[in-house]
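J.: Just so we're aligned: 104 in this note's numbering is position 73 of the sequence shown, and the numbers increase by one with no gaps anywhere.
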Amino acid sequence: MGLTKYHTEVRILYADTDAMGIVWHGNYVRFFEFGRTEALREIGFPYDKFETRGLMMPLYNVTVDYKRPARFEDVLDIASWPRRLGASKITIGYEVTDKATGVLVVSGETTHAIVNSMMKPVNVRKVYPEFAERMLSLAEFGE
32 MGLTKYHTEV RILYADTDAM GIVWHGNYVR FFEFGRTEAL REIGFPYDKF
82 ETRGLMMPLY NVTVDYKRPA RFEDVLDIAS WPRRLGASKI TIGYEVTDKA
132 TGVLVVSGET THAIVNSMMK PVNVRKVYPE FAERMLSLAE FGE
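Structure below.
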């Protein structure tokens with residue numbers, strides 16, 4: 032079985048661009064969040080399921096590899112997928128492509144700590160085993 036990537040579209044707003052008319056670099060992190068949120072919802076684990084268990088996933092690390100600029104009115108496809116799940120961290124991969132051309136705009140990943148309401152790391156396999164099992168079944172790489 033191949034890797035499943037979850038797809039979300041975003042149309043670039045004028046407010047997303049800088050004085051050069053291209054998407055401001057920091058907005059890609061926001062697009063990653065949009066893709067991740069929608070992917071987790073599609074997988075069956077929207078963020079509110081975490082919050083009702085007293086869990087949070089703050090950003091621990093982000094990498095963005097810029098390939099080509101996107102501009103106002105471009106429609107981008109955000110592919111998101113679980114890459115790795117550790118005891119108290121999850122890494123999500125991303126590929127953002129121009130929907131019209133299929134050209135890769137940016138790629139990257141975010142790593143999130145899995146913590147309780149006191150911001151203390153928790154072992155997700157113990158506190159949310161159904162989430163851990165599902166993410167491990169979808170993850171690109173093992174721990």
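Glycine included, C-beta positions come from ideal geometry on N, C-alpha and C.
Could you check which residue in Leu169, Glu126, Trp112 has the C-alpha nearest to that of Asp96?
T.: Per the Cα distances, Glu126.
J.: Take the Cβ of Trp55 as the centre, count every other Cβ of all protein chains shown within 10 Å, and call the residue buried at 16 or more, exposed below.
T.: The residue is exposed, with fewer than 16 neighbouring Cβ atoms inside 10 Å.
J.: For Thr35, which three-state DSSP category applies?
T.: Three-state DSSP puts Thr35 in coil, outside helix and strand.
J.: Just verifying my parser: in three-state terms, what is the DSSP assignment at Leu167?
T.: If DSSP states are grouped into helix, strand and coil, Leu167 belongs with the helices.
J.: Below 8 Å, can you find three or more Cβ-Cβ pairs linking the region 149-167 to the region 104-112?
T.: Not touching, per the Cβ criterion.
J.: Give the DSSP bridge partners of Thr94, in chain order.
T.: In the DSSP output, where bridge partners are listed per residue, Thr94 has Glu140.
J.: Give me the Cα-Cα distance between Lys36 and Tyr91, rounded to the nearest whole angstrom.
T.: Going by the C-alpha atoms only, they are around 22 Å apart.
J.: Got a sec? Which residues, its chain only, sit under 7 Å from Val136 by beta carbon, not counting five neighbours each side?
T.: These residues qualify, in order along the chain: Lys98, Arg99, Ala101, Leu107, Val127, Thr128, Asp129.
J.: Give me the residue from His143, Phe63, Ser111 with the minimum Cα distance to Lys120.
T.: The shortest C-alpha separation from Lys120 is found at His143.
J.: The alpha helix (DSSP H) with Asp203 in it runs from where to where?
T.: A question about residue 203 goes unanswered here, because the residues of the chain that appear run from 32 up to 174.
J.: According to DSSP, is Pro152 part of a helix, a strand, or is it coil?
T.: Strand.
J.: Short check: CB of Pro113 to CB of Leu169, under 8 Å?
T.: Going by C-beta atoms, Pro113 is nearer than 8 Å to Leu169.
J.: Which same chain residues, not among the five before or five after Ala110, have their C-beta less than 6 Å away from its C-beta?
T.: Correct list, in chain order: Lys36, His38, Glu126.
J.: Would you grab the beta carbon distance between Val153 and Leu86 for me? Rounded to a whole angstrom, and I think it's under 8 Å.
T.: Rounded, the Cβ-Cβ distance is 7 Å, consistent with contact.
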